[in-house]
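First the structure, in the form of structure tokens, and then the observations on it.
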Amino acid sequence: MDRLLLTLLVFAFFLLALWAMRRSWRRRARSQSAQLPPFPQTPDDPGEELLPEAKGLYVSTTTAGNWQDRIVTRGVGMRGRAVLRRYAGGVEIDRAGAPGFFIPRDSIVEVKRASAIAGKVMGTDSLIVITWRLGERELDTGFRGDDLDVYPQWIESLSEREIKGGAQ
């Protein structure tokens, strides 16, 4: 009898913890919905692709500089398979089974390699992190490509010099 009671208590505690995590996630999403404007959608005619698409894993979007502060509003909190497409106007993040979004070229602040972002920590710099502005806030969006050899091409294509239009 004691064993059954202990088992039920542990199971009830586990269910309570799951409920609390779900409630917290939903509260965070509601709060962020009020703070952040909607994520841009891919234009109807984005133009010609400037780079071959990169397939991989969309990891997460976080507050810039704070790799643990995940943005969860409007479905961007869940990681999953994705494809990056580079157009003259920006970058499309086409997510499988989740809403995709578009990062306009003029809102991109920095593009770099990193080893960690909410949802993924690795020993090597195997993530591409795009820092960009959405309204008044800067965000970091992380992507883990299947082919790491394309990273230099993507980083160069999205570099600040090209975005600012300066020549050096």
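First residue of the sequence shown? That's 1077 in the working numbering, and the numbers climb one at a time after it. The beta-carbon is built from N, C-alpha and C at its ideal position, and this holds for glycine as well.
Q) Hey, how far is the Cα of MET1077 from the Cα of SER1191? A) 50 angstroms
Q. Which one or two residues does DSSP pair with ALA1190 in a beta bridge?
A. LEU1203
**Q.** Simplified DSSP assignment, three categories, for PHE1219
**A.** strand
(Q) Whether or not the segment 1135-1144 and the segment 1199-1217 are in contact is what I'm after, with contact meaning three or more pairs of Cβ atoms, one per stretch, closer than 8 angstroms; do they touch? (A) yes
Q.
So, for VAL1176: in the same chain, excluding its five sequence neighbours on each side, which residues have a beta-carbon less than 6 angstroms away from its beta-carbon?
A. In the sequence as displayed, the identity of residue 1176 is Gly instead of Val. Contacts found: ILE1169 and ASP1170.
**Q.** Assumed close pair ILE1204, ARG1189 - CB separation to whole angstroms, cut-off 8 angstroms
**A.** 6 angstroms
Q) Between the C-alpha atoms of ALA1130 and TRP1230, what's the straight-line distance to the nearest angstrom? A) Rounded to the nearest angstrom, the two C-alpha atoms are 9 angstroms apart.
(Q) Quick check on DSSP: helix, strand or coil for ALA1093? (A) ALA1093 carries a helical assignment under DSSP once its states are collapsed to helix, strand and coil.
**Q.** Length of the line joining the Cα atoms of PHE1089 and ARG1099
**A.** 15 angstroms
Q) Can you round the beta-carbon distance between ARG1161 and SER1233 to whole angstroms, since I take them to be within the 8 angstroms contact cut? A) ARG1161 to SER1233, Cβ: 12 angstroms. No contact.
Q: Have a look at SER1202, ASN1142, LEU1210 and SER1235 and flag the residue whose alpha-carbon is nearest the alpha-carbon of ASP1223.
A: SER1202
Q. Within 10 angstroms of its Cβ, does TRP1208 collect 16 or more other Cβ (buried), or is it exposed?
A. buried
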